[in-house]
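Trainee: Attaching a single structure in structure tokens format; questions to follow.
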Amino acid sequence: MIFSNPEIWALTLSMAIPLALPAVGGTFSERTGVVNIAMEGIMLIGAFFGVAFSYWTGNAWIGLIGAIVCGALTALALAWGAIHVSADQTVLGMGINIFAAGLTTFLLNTLFGYSGTPVNTPKLPSLSIPGLDRIPYIGVIFTNQSVLVYIGIILIFLSHWFLFSTRLGLRMRSVGENPLAADTLGIPVWRLRYLGVILSGVFSAIGGAYLSIGILNGFTSNMTSGRGYIALAAMIFGKWTPLGSFGAALIFGFSTALGIVLQGHGVSSNILQMIPYALTILALAGLIGRSTPPAADGIPYEPRR
Amino acid sequence: MKALQSILLPVAASLVAVVIGGILVAALGYNPVSVYGSLISGAFGNLGNLGNTLTASLPLIIIGLGIALSFQSGLFNIGADGQYWIGATAAVWVGYHFTSLPGWLHMLFCLAAGMIAGAIWAGIVPGLTKAFVGAHEVITTMMMSYIAILFARYLIEGGPMQEKGYIPQSPLIASNTQFPYFTQGFMRSQLSPISMAIAALAVIVAWFLLYKTTLGFSLRSVGLNPRAAKYAGIRVKLHIVLALALSGLFAGLAGAVQMLGVDHQLLDGFSSNYGYTAIVVALLARNNPLAVVISGLFFGALTTGGQNMQIASNVPASLTNVLTGLIIFFVGCERIIPQVIGWYRRRRSLRAQTPAS
Amino acid sequence: AGCGTNNSSSGTSTQNSGGTSNSTSTTGKTIKVGLVTDTGGLNDNSFNHLAYVGMQEAQKQLPGIQTSVVQSQSESDYVPNLSHFAQDGYNLVIAVGYLMADAVQQVAKEYPKTHFLIIDDSITGIPNVASAIFQSQQAGYLAGVVAGMVQKDHLLKNINNHNTVGVVGGQEIPPVDSYIAGFQQGFHSVDPTGKVLIEYTNSFNDEAAGSQYAQNEIAQGADIIFPVAGGTGIGSIKAAQSAKVYAIGVDTDQSYLAPGTVITSAIKRVDTSVFDTIKAVQDGTFKSGVNNFDLSNDGVGIAPLISGLPSSVMNAVNQAKQQILSGKIQVSSTVQK
Amino acid sequence: MDTVLEVVDLKKWFPGVKANDGVNLAVRAGEVHAILGENGAGKSTLMKVIYGLLEPTAGEIKLFGQRAQFRSPRDAILAGIGMVHQHFMLIPALTVAENVVLGDEPGGIRFNRREAVRRVRELSERYGLAIDPNAKVGDLTVGLQQRVEILKAFYRKARVLILDEPTALLTPQETRELFNIIRALKAEGVPVLFISHKLDEVLEISDRVTVMRAGKTVETLDTKGATPQTLANLMVGREVVLRVEKPPMKAGSPALEVRDLRVRSADRHERVKGVSLTVRRGEILGIAGIDGNGQFELADAIAGLLRAEAGQIVLDGRDITHLSPAERTELGIAYVPQDRQLDGLVLSFDLADNVILRDFRRQPFSRRGILNRRAAESYAKRLIEAFDVRPPDFRRKASELSGGNQQKVILAREVSRDPLVLIAAQPTRGLDVGAIEGVHRQLIRLRNEGKAVLLISLELDEILSLSDRIAVMHDGEIVGVVDGEGATREQLGLMMTGQRAKEGTA
Ligand SMILES: Nc1ncnc2c1ncn2[C@@H]1O[C@H](COP(=O)(O)OP(=O)(O)OP(=O)(O)O)[C@@H](O)[C@H]1O
Ligand SMILES: [Mg+2]
Ligand SMILES: [Mg+2]
């Protein structure tokens, strides 16, 4: 049986992380009321600069920090346009996605040439969790995974706690639900929206860096391959909660892994690769049902003064 | 005044983007004047280039109409790309079957097949699940889009639509279904008067439908306030399905027109991304079908001009994406201009006040 | 070894009058060469990139060559992009990929004075169109022989007893499948009972997916991974490296990606074909029709083997090569499912 | 007496509207200062400026003698100003407790939810505003939401309290509790700015009244000695008829019959539990009841917006239980829904589109699916004139109208459809006396013309002054039906709490 192959669980987790992190990021942004479809672009930025800084400094951790900083800066541009200018957030996101795809490819080619990033770029370590990795069957999930998998899982749970159990989290959510009401209570709407968007940049960038220096040590042009958009779907699927997003990402990761594992039995790979998409629709239609966005999601707030 | 502003602002914003892009390009060691010169001449420089620009904008315009329609109905159809491919696939399939039909009828069949396929693709799964289960259309249309593209791929990669031989492509559609190109004027561009006529018709139909019919009234009501729509006796669920189906219909039509007018067969490339660009086209047009024409042309010009920029100025393709992204971003930020003007005025009036009081 | 075009004339194409390169380099007349990539773009880590490398090499070595590249964004761009160059008076327009076949036929007829080269497709009967066809299944076959030898006789350390190798394909399209078919056939010629896992990622730039597909195959016992998937394949090679198993590169010598992991690479000299055609146009010796690149003219082949293999491997490879050249072995280009 | 808050020649202009155009106001310590004015006079705007939500165009505000320049409500809150907003500033997705403490939550980094609940519970007990701190605000009735708004203001212990129409949705009992609180504050020297359209409330609670008209303060007078009539006349600038004349009823045959109707609300709770009633031609049947007792679900079900789980709805002898809302509209049901912005209007449509909202499929507004905009415009022009909608411009979006004028548009639309039955849910919510007078006149006109009117209101006075018969609803059931003539507040008040009427006939 396929499921008795523990590899599928390890694959599930490692495919879910780069979806879950940007999805959680998007959750932060949209919970404060800024629609974020720029995860794809920010992931690319994170992936590229993760490699670039890792190579330049010879230290993958600095690479990760570089990725986070660049991702946050990109998100800052989105935040500025969405918050200060009240621009259409979908347009901004699309602009950023195209910009990021162009910029990273351009820099890849001018800085590293067409044959790709240097092969001696350091990557982040992979770890096994001593003890857990010995558990038969599911131990493989905790064996030799990128350190970012573990960090990512911690971050996701932390995010959930932050958003739903802290004062700041409550305030951020209030801003995305009814900014005017929040404003009348003295809550700084714009500042919290900036915070939400920038956090989305940070998480998306980590998701991108996971691809480039977490499981690999190189960048190829457009290497995110639409994961930012799937993350968007995971965020909605997860009803704009970090744990929900993680769950959605796991379902997606699992069905993708299923598509991989099922290959080689004569069924067209094109058909097999429909599995995650079809399963998502089925799950959505059958189990999850309605997911309602934060009430003020996508609506600019202009204090009318 | 408002109308004038709505034209001037995006133009001014594009200029800002162009200036910023120019600085960037210059910083990278290219000559901005020649880069932009090649962009503009590549888009409009001669009739052939103009033809290419028009050709590139037609699918964007037609899909953009559908997306505008879905937005006006309160729905975000993010999966137009897949609907486009399904429409193209259906049109091609009809195009190389039924060859005994007279050419014009066969053509109509192809177009109808494209439209119906697109409408079904968006209407059935995303439409029904949205209406009855509340499944979010962003997810369903996106997933269906991926499925559409994989399905089309399957069909021509060893599937039933693969042409004999080893190349994954469909047979060519019957020659009498292929739109004729302009014989003069737009020489050597793949611009067809029929494609243009269909696009023009689509614009008029979309506009008329949205603003002049009870259906459009209902759709817009549902989009703006579903509760009030229900109160007004509009069947909200039906209109959700209708809105998505109509949106898919336009995308499917675009696919059919592209196949009949330009590609003539299903080719294994699947990277047009028209469906995504068309979202920006619709949004920048504020979902107004007439304005979609202008923003569609704008993006068509960016595409063809961008290709020419690579040739004439030796700018890598990626840099044209950087510029395109910047332009989209700043056109999105067009409101910064009145804001800055207002801020400046206020400061001036403040300064005028202070000594007085 | 690098993705070398430093030995530009090594792969002489079939009909060029080879020996005049020195005289032409001094008197080289100015020609303009345009390259149109398919939608994969220059970053495809495959034939688009290789064509570009060949063109750059020509520009470096041959005086008077002006080059320009345009990367197509969609299929509908092919005709406009090809016409663009033709209209601008380019002497040679290179179209990369069989997807552009129809576009080339159409445009070439409209611009009879411009020369065209199409990679990976055979167009005949148009006087200004040359095509370059690569028998990459032959390269795949030789790589398969190497893999089979290593597998069967446990020639490298960590080779397990599963007798399994894995292929990660980018997409089920001819330029990919021909490599795979040859590899399959070559592998089975040495190790008839061995297993070849074949999976397709359906993408050419998703390194992460490449890595994950490879991991899945490794989990099933594969210890030699042969990715034919452009940038996606780089991820597969790196996955093999992390898992301490082996890989075989594709298109160019990819041993630099993971020294000690890449056993060899199946090579297709797109760069050479481009270089030679540019030179021919400059020399005035352009010839239309199909140029076949295969083992006989070193248009395809395999890269130097990893160190530490016994000479028996090289002998087997050479023997297979002879048999192919002599026609004793016919290498199929369709994958056995 | 020391002035706490002073507003000097304040102006606040919106594009095209001078909402405040020369406002002068002085609020003294420990006084309840009422602000009166027609809809759109600029009361809320003034309060928002004071609260820092809007930046004044000109003029100044002094608080405790110091010039106050609030850049945001944050500054105002810090300066000690609290405000209950007319349009709820609530977050439906959060709980009552979260809404109340937001911005000043207990806890360190962590939000101490338990403590928040405790404080809110205590607060609600202290002020007699019973509410479940853990309920989600979106699930509450508007009346309960109003309580949350008030609790929010009390939580912050303001030094100046602004109440913008706080009683619009309160029951008489709750209003009385609120007044007690206001008196306690007053005793502690906290001045209260109190806005209400209910003149008797103003007369009861306030010390002084400032009347606004068209953005200007007209006059400030002591409440002592003022009468409803003088105040109304001052506000409107003309003579207002406070009590509408009602000729004796000439009731005819039943127009609408409801039999044993059961309805679930959108959140699946059964809200109407077997209601039967009859509305005859030529009568106004009033439904009295405390908010949340099923009266609005009943209205929705009759209009077809909620499905009848069981029972029957009969219109003029015809069973319409399973007809669509559109079909019911065609057959002669007109409906003024309770929430005008959520249900009654498409706010981003202009007035011409809004007046045809219920009839756009019919001639002359459309023919064979094609709209006739000109017909809509000329119709809109007529209605706007007839109902004195201001500003009289059919191209204006509904969102740009004041609440009172929005209500006029809905009423104009529904009344002019020449219906057989008009269901009017809270038709005068938030309207000024002049506008209320207009609405009441329209309802009586319809009745006199032989139409049936089902009036649902939380205002007992409104029910008492208009209804020919009064049905009282409690917990989804009709407790009793009494004659409009002899009914008293006390009698109805008792029935509203569930006690059966003695002489009730259903
Ligand atoms: N943000 C705004 N933009 C434009 N006009 C506004 C805005 N807010 C209020 N107005 C207009 O200003 C005027 C005063 O409105 P305001 O809300 O202060 O009236 P009000 O006295 O509170 O009325 P009501 O009794 O109905 O609450 C109205 O004409 C209104 O339409
Ligand atoms: Mg008000
Ligand atoms: Mg009001």
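Chains R, E, F and H, in that order, give the protein sequences. All residue numbers for the first sequence refer to this note's numbering, where the first residue is 1 and numbers rise by one. All residue numbers for the second sequence refer to this note's numbering, where the first residue is 306 and numbers rise by one. All residue numbers for the third sequence refer to this note's numbering, where the first residue is 663 and numbers rise by one. All residue numbers for the fourth sequence refer to this note's numbering, where the first residue is 1000 and numbers rise by one. Backbone N, C-alpha and C define an ideal beta-carbon position, used for all residues, glycine too. The structure presented is a predicted model; accordingly, all values stated were derived computationally and were not measured.
(1) What residues from chain H crowd round glycine 113 of chain R, counting only those whose CB sits closer than 7 Å?
(2) Quick check: is any heavy atom of ligand 2 less than 7 Å from the C-beta of serine 1043 of chain H?
(3) When DSSP labels each residue in this structure, what does arginine 1207 of chain H get in the three-state scheme?
(4) Quick one: what does DSSP say tyrosine 773 of chain F is sitting in, helix, strand or coil?
(5) The region 600-615 of chain E: which residues have C-beta closer than 8 Å to a C-beta of chain R, in chain order?
(6) By how many angstroms is the C-alpha of phenylalanine 635 of chain E removed from the C-alpha of leucine 314 of chain E?
(7) Return no unless some Cβ of chain H is closer than 8 Å to the Cβ of isoleucine 184 of chain R.
(8) Any Cβ of chain R within less than 8 Å of the Cβ of asparagine 820 of chain F?
(9) So valine 1335 of chain H is in the beta strand (DSSP E); what residue range does that whole segment cover?
(10) Are valine 1147 of chain H and isoleucine 1161 of chain H closer than 8 Å when you measure CB to CB?
(11) State whether the region 538-546 of chain E contacts the region 1343-1350 of chain H, with contact taken as three or more CB pairs (one from each stretch) at a distance under 8 Å.
(12) What residue from R:Pro179, R:Leu13, R:Asn59, R:Asn270 has the CA that sits closest to threonine 143 of chain R's CA?
(13) List the DSSP bridge partners of proline 1253 of chain H.
(14) Is there at least one Cβ from chain E nearer than 8 Å to aspartate 297 of chain R's Cβ?
(15) For valine 962 of chain F, which residues in the same chain have their Cβ closer than 8 Å to its Cβ, ignoring the five residues on either side in sequence?
(16) Relative to chain F, which residues along the region 76-109 of chain R have a C-beta separation below 9 Å, given in chain order?
(17) Taking buried to mean at least 16 other C-beta atoms within 10 Å of its own C-beta, is serine 1252 of chain H buried or exposed?
(18) Would the C-beta of aspartate 1290 of chain H count as close to ligand 2, meaning under 7 Å from any of its heavy atoms?
(19) Rounded to the nearest angstrom, how far is the Cβ of threonine 184 of chain R from that of methionine 1088 of chain H, given a contact under 8 Å?
(20) From glycine 286 of chain R to glycine 63 of chain R, what distance separates their C-alpha atoms?
(21) Among the candidates E:Leu551, E:Phe604, E:Asn593, whose CA atom is the shortest distance from the CA of tyrosine 389 of chain E?
(22) Examine the Cβ distances between the region 1401-1421 of chain H and the region 1210-1218 of chain H and report whether three or more of them are shorter than 8 Å.
(23) Please confirm whether proline 594 of chain E has its beta-carbon closer than 8 Å to some beta-carbon of chain B.
(24) If I measure Cβ to Cβ from serine 683 of chain F and keep anything under 6 Å in the same chain, skipping five residues before and after, which residues do I get?
(25) So what does methionine 172 of chain R bridge to, in DSSP terms?
(26) Does the region 808-821 of chain F come close enough to the region 759-772 of chain F that 3 or more CB-CB pairs lie under 8 Å?
(27) Excluding sequence positions up to five away, which residues of its chain have a Cβ less than 8 Å from the Cβ of serine 687 of chain F?
(28) Could you check what DSSP says for serine 679 of chain F in three-state terms: helix, strand or coil?
(29) Would leucine 1168 of chain H pass as a contact of valine 1201 of chain H if the rule is Cβ separation under 8 Å?
(30) Would you say lysine 949 of chain F lies against chain R (beta-carbon separation less than 8 Å)?
(31) Is proline 660 of chain E close to chain H, meaning its C-beta is less than 8 Å from at least one C-beta of that chain?
(32) Can you give me, in chain order, the residues of the region 160-176 of chain R that have a beta carbon less than 9 Å from any beta carbon in chain E?
(33) Mind listing the chain H neighbours of proline 293 of chain R? Cutoff is C-beta to C-beta under 7 Å, in chain order.
(34) How would you write the range of the alpha helix (DSSP H) that arginine 227 of chain R sits in, first residue to last?
(35) Taking a Cβ distance cut-off of 7 Å, strictly less, list which residues of the region 511-524 of chain E are near chain H, in chain order.
(36) On the three-state DSSP scale, how would you describe leucine 697 of chain F?
Mentor: So, from the data block:
(1) Here the premise fails: no neighbours, minimum Cβ distance about 48 Å.
(2) yes
(3) strand
(4) coil
(5) none
(6) 11 Å
(7) A small fix is needed here, since residue 184 of chain R is threonine in this sequence, not isoleucine. Output row for threonine 184 of chain R: interface = yes.
(8) no
(9) 1332-1335
(10) no
(11) no
(12) R:Leu13
(13) H:Arg1279
(14) no
(15) Phe796, Gln797, Ser798, Gln800, Ala801, Ala928, Ile929, Lys930, Arg931, Phe955, Asp956
(16) Thr105, Leu108, Asn109
(17) exposed
(18) no
(19) 5 Å
(20) 42 Å
(21) E:Leu551
(22) no
(23) No chain B appears in the structure shown, which is made up of the protein chains R, E, F and H.
(24) Here the model assigns serine 683 of chain F a pLDDT of 36, short of 50, so the residue's position is not dependable, and the following value carries that caveat. Excluding residues within five positions, none has a Cβ falling inside 6 Å.
(25) Answer by DSSP bridge pairing: none, since methionine 172 of chain R is not bridged.
(26) no
(27) Because the pLDDT at serine 687 of chain F is just 42, under 50, the model does not fix this residue reliably, and the value given afterwards should be weighed accordingly. So the qualifying residues of the chain are Gln723, Leu724, Pro725.
(28) Note that serine 679 of chain F has pLDDT 34, beneath the 50 cutoff, so the model's placement of it is unreliable and the number below is only indicative. Coil at serine 679 of chain F, not helix or strand.
(29) no
(30) no
(31) In this predicted model, proline 660 of chain E has a pLDDT of only 47, less than 50, meaning its place in the structure is not dependable enough to derive any value.
(32) none
(33) Result: empty, since nearest Cβ-Cβ is about 10 Å, beyond 7 Å.
(34) 227-237
(35) Lys517, Thr518, Thr519, Leu520, Phe522
(36) strand
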